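Notes follow once the structure below has been shown.
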Amino acid sequence: DGGITQSPKYLFRKEGQNVTLSCEQNLNHDAMYWYRQDPGQGLRLIYYSQIVNDFQKGDIAEGYSVSREKKESFPLTVTSAQKNPTAFYLCASSILGTGESEQFFGPGTRLTVL
Amino acid sequence: AQKITQTQPGMFVQEKEAVTLDCTYDTSDQSYGLFWYKQPSSWEMIFLIYQGSYDEQNATEGRYSLNFQKARKSANLVISASQLGDSAMYFCAMSMIKAAGNKLTFGGGTRVLVKP
């Protein structure tokens, strides 16, 4: 079955530590995205990538970094510079990097920083 | 900048009745897409329906229909014959079709609880 996998589902880290969230897709989609969701709120875009080895900042990129070395993978690193990293993180992909194609979402990773 | 507003934080609906979820948007672009997503208690995001700004007919997908009123900048979701499984958060989102990257701007969501 094609889809998007995110691991782990729950992640706990101590304050000041960097942490990397995994996102893999086997849908052969060109574009991939990372969103953050805080309790009771909508999603906000962190980073997106339309093609391998290229990515762009979204609305809330500060304190985060990404890489896109393979088409299937788009890991997100939450650095110690992120002031309030505890949140639900969702990865998504789409067949085209244009505004007409729906985005398919992974199951998400809930990050808690202690 | 684009903005999506969902004014209903939560609502109850009786099973088998229809429910309308409000969504208004703000953009100066002429080419945009409007999406609705469902987020059940499992936290996954499920795509429901899409409407392009140049589509003349309202989009429909099974029990979901989108009431698109371009002049009023509204894109309300109508769920007909509500089922218990429709209980979830619903998000309206917008993208700019001609802009680089399929970036979605989301509203704050509406929580729907279907009563038996």
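Line order of the protein sequences matches chains U and F.
Take the first sequence: its letters are residues 1 to 114, numbered as in the working numbering.
Take the second sequence: its letters are residues 115 to 230, numbered as in the working numbering.
Glycine included, every Cβ here is placed at the ideal spot set by N, Cα and C.
Note that the coordinates shown come from a computational prediction; the quantities given were computed from them, not determined experimentally.
Under the Cβ criterion of 8 angstroms, residue 142(F) is not counted among the residues facing chain U.
Taking each of 64(U), 99(U) and 46(U) in turn and checking the Cα distance to residue 80(U), the smallest one comes out for 64(U). By the CB criterion at 8 angstroms, residue 224(F) and residue 148(F) fall outside the cutoff. Residue 184(F) and residue 139(F) do not touch by the CB rule: their CB atoms are close to 10 angstroms apart, not below 8 angstroms.
Taking 3 residues as the minimum length, the beta strand (DSSP E) runs contained wholly in the segment 166-198 of chain F are 178-183 and 188-193, in order along the chain. Minimum Cα-Cα distance from residue 179(F) among the listed residues 157(F), 229(F) and 206(F) corresponds to 206(F).
In the displayed model, residue 54(U) falls within a strand according to three-state DSSP.
Excluding its 5 nearest sequence neighbours in each direction, residue 154(F) has C-beta neighbours in its own chain below 6 angstroms: 202, listed in chain order.
For residue 100(U), the nearest CB of chain F lies under 8 angstroms from its own CB, placing it at the interface with that chain.
Identification of chain U residues near residue 152(F) by a Cβ-Cβ cut-off of 9 angstroms yields none; the smallest Cβ-Cβ distance measures about 11 angstroms. Out of 33(U), 72(U) and 98(U), the CA that lies nearest to the CA of residue 56(U) is found in 33(U). Taking the C-beta atoms as reference points, residue 109(U) is found nearer than 8 angstroms to residue 11(U). Note that the C-beta distance between residue 192(F) and residue 132(F) is below 8 angstroms.
Look at residue 200(F) here: in three-state DSSP terms it is helix. Between residue 211(F) and residue 151(F), the CB-CB gap reaches or exceeds 8 angstroms.
Contacts with chain F at 8 angstroms (Cβ-Cβ) include residue 94(U).
In this structure residue 23(U) is not in contact with residue 99(U), their Cβ atoms being roughly 21 angstroms apart against a cut-off of 8 angstroms. Residues of the same chain with a CB within less than 7 angstroms of the CB of residue 44(U), apart from the 5 flanking positions on each side, are 35, 36, 59 and 60 in chain order. Annotated as proximal: residue 116(F) and residue 219(F), with beta-carbon spacing under 8 angstroms. DSSP places residue 114(U) outside both helix and strand once states are collapsed to three, so it counts as coil. For residue 86(U), the closest C-alpha among the options 31(U), 13(U) and 40(U) is that of 13(U). Each residue's CA atom was taken as its position, placing residue 197(F) and residue 119(F) some 25 angstroms apart.
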